[in-house]
Amino acid sequence: MTTATLIRWSPVDHAPELPLSAFNLIWSSSGSLILQGLYPTELNPPTKGIVLSFSNTNAFMSFDEFSDYLNGMKVEVPALVKPVPYGGCWPFLEVLGSPWLREVVERNGTLAVTDFRHWVIVARNHTLHVMEHSRSAPTFEGWLQ
């Protein structure tokens, strides 16, 4: 059995070293998923939030903090370089050796795990998991002002 590992990734150079407080999602039937991540206003962020797109989404799921899929994976979530009041972790993660990808592929029967990547966006009370084709990566679309 492979052990999953979480690694940090940054959607853009100089992304604020802050947790996300929440996110909004927009799903397109063409397979595109847009995420609007909001930074906590009490931490005086340099911007209101960040906009990312996932263009080759095979599946996605979102959980509240107590039901999150990560809770059962026994993985260490990368911390912020400098802790902030009320806590939080680095919000942009990739899961290597993802059990979720294996489950989806086994259920489907015609896919290969190596064809996909498992991206995670963590906010204070919710987590988004995105299964995207391996030839794609989340795209930085801009800042929310």
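Residues in the sequence shown are numbered from 23 upward in steps of one, following the working numbering. Every residue gets a Cβ at the ideal spot worked out from N, C-alpha and C, and that includes glycine. Source: prediction; values computed, not measured.
| Asked | Found |
| --- | --- |
| Own chain residues within Cβ distance below 8 Å of residue 37, not counting five before or after | 72, 114 |
| Top-ranked residue by Cα proximity to residue 26, from 34, 84, 42, 98 | 98 |
| Contact under 8 Å by Cβ, residue 53 with residue 79 | yes |
| Beta carbon of residue 76 nearer than 8 Å to that of residue 154 | yes |
| C-beta contact flag for residue 116 and residue 146 at 8 Å | no |
| Assigned secondary structure, residue 16 (DSSP; H/G/I helix, E/B strand, else coil) | For the chain, the structure presents residues 23 to 167; residue 16 sits outside this window and is missing. |
| Whether residue 102 touches residue 39 by CB criterion (8 Å) | yes |
| Delimiting residues of the beta strand (DSSP E) encompassing residue 112 | Taken as a continuous stretch (DSSP letters only), residue 112 belongs to no beta strand (DSSP E), as it is neither H nor E. |
| Neighbourhood of residue 150 by C-beta, 6 Å cutoff - its chain only, sequence neighbours within 5 removed | 84, 143 |
| Where the alpha helix (DSSP H) through residue 87 begins and ends | Looking at the DSSP string, residue 87 is not in any alpha helix (DSSP H), and its letter there is neither H nor E. |
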